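In my numbering, the protein residues as written are -19 to 214.
Even glycine gets a Cβ: it sits at the ideal position worked out from N, Cα and C.
Bear in mind the structure is a predicted one, so any value in this text is a computation, not a measurement.
For reference, the structure discussed in these notes is given below.
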Amino acid sequence: MYPRYQHSMTRIVSRIHGVSAVVLALYLVPHIVNHLVGLGGVEAHIAFMRAVRVVFRVPVVEGLLLFCVLLQAVTGLSLFLLGFGERRGFVPWLQAGAGVCLAAFLYIHVRAVLFGRNVMHVDTNFYYAAAGLHVPSLSFHWYFASYYFVAVLSLFVHFGCAAWRRLQRQPPRTRALAVALPAALGAVIAALIVMTLAGAFYRVVIPPEYQRPPPPASCAAPAVNTQAGCPKGA
C-alpha cells in the first residue's frame, strides 16, 4: 500500500473509530456503573438496569449502539492491521492489544446477549452474566472470570493509551500517568465486578431458567417452536 494512501486511510478510519467510541461511551459508562451498583445486591443491580433500559432498549437507540459496536470492531481491527508495520514503542502496541481484546469481547458478548434474549428467551440481567461463574454444568468458571476481567481492564487501558497519544506535548511523567491511572482503576473495577458476579460479597442463587441447557436452534423459529424440547414462551 502506498504510504500517502495508507496514512489517509488510517486517518479516516481513526476518525470513524473515535466517533463511534464516543457514542458507545454514553452506554458503557452507565453499564459499568450498573455493575458497581451490584455491590449493593442483585436487586439493586436489576433495578438500575431496568431504569437505564428505558433509554437503551428503545429500538432506534439499541440499533445505533449495535451499529457502533460493529464500527468499533471493524475500524479497530483495521487500525491494528494498517499500523502493524509502523507501530513503535510499548504504549502503541499496548493500545493495539487492548483494542483486539475489546473487539473479541464485543463480538462474543453481543452474540451471547442476543442469544439469551432471542433463543433462550431469558432476561439478560445479573443472573445471565453470573451464571457462568456458578452453574457447575457450564464448567467454565475461570474462563468467565478472565473474560470479564480482561474486557473491563482492556477498556480502561485502551482509553489511557488514547489519552497518552493526545498528550504528546506533555512531560513523560504526565503521559505515563495517563496510562497507569486508568489501567489501575480498570483493574480494581474489573476485580470488583468479577467478585460481585462470583458471589464474593453476598450469596448468589442462579434461578433454574438460567441453568437449563440452550434449546434446539429450531426453537427460535416461531413456526416450529411448539415442538418437544422447546421452552415455554419460545
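Sequence-distant Cβ neighbours of residue 160 in its own chain, meaning closer than 8 Å and more than five residues away, are 140. Our two residues, residue 13 and residue 83, have alpha carbons roughly 21 Å apart in a direct line. For the pair residue 104 and residue 95, the Cα-to-Cα distance works out to about 9 Å. Nearest C-alpha to residue 175 among 19, 142, 165: 19.
Of the candidates 44, 86, 33, the residue whose Cα lies closest to the Cα of residue 57 is 86.
Taking all protein chains shown into account, residue 134 has 16 or more neighbouring C-beta atoms within 10 Å of its C-beta and is therefore buried. Within the region 96 to 142, complete beta strand (DSSP E) segments of at least 3 residues are not found at all. Rounded to the nearest whole angstrom, the C-alpha separation of residue 182 and residue 168 is 19 Å. Bounds of the alpha helix (DSSP H) holding residue 178 are 152 to 178. For residue 111, the CB contacts under 8 Å within the same chain, skipping 5 residues up- and downstream, are 118, 186, 190, 191 in chain order. Listed in chain order, the non-local C-beta contacts of residue 155 below 6 Å within the same chain comprise 144, 147, local neighbours out to five positions each way being set aside.
Between residue 46 and residue -3, the gap from beta carbon to beta carbon reaches 8 Å or more. Per the Cβ contact rule, the region 33 to 48 is in contact with the region -7 to 9 (3 or more Cβ pairs under 8 Å). About 6 Å separates the CB atoms of residue 7 and residue 36; that is less than 8 Å, so the two are in contact.
Per the coordinates, the alpha-carbon of residue -7 lies some 26 Å from the alpha-carbon of residue 166. Residue environment for residue 128: buried (at least 16 other C-beta atoms within 10 angstroms of its C-beta).
In the structure shown, residue -2 adopts helical secondary structure according to DSSP, grouped into three states.
Within the same chain, and ignoring the five residues on either side of residue 125 in sequence, the residues whose Cβ sits closer than 6 Å to its Cβ are 174.
By the neighbour-count criterion, in which a residue is buried when 16 or more other Cβ atoms sit within 10 angstroms of its Cβ, residue 113 is buried. If the five residues before and after residue 136 are omitted, its C-beta is found closer than 7 Å to the C-beta atoms of 162, 163, 165, 166, all from its own chain and listed in chain order. Judged by beta-carbon spacing, residue 76 lies beyond the 8 Å limit of residue 68, meaning their Cβ atoms are not closer than that value.
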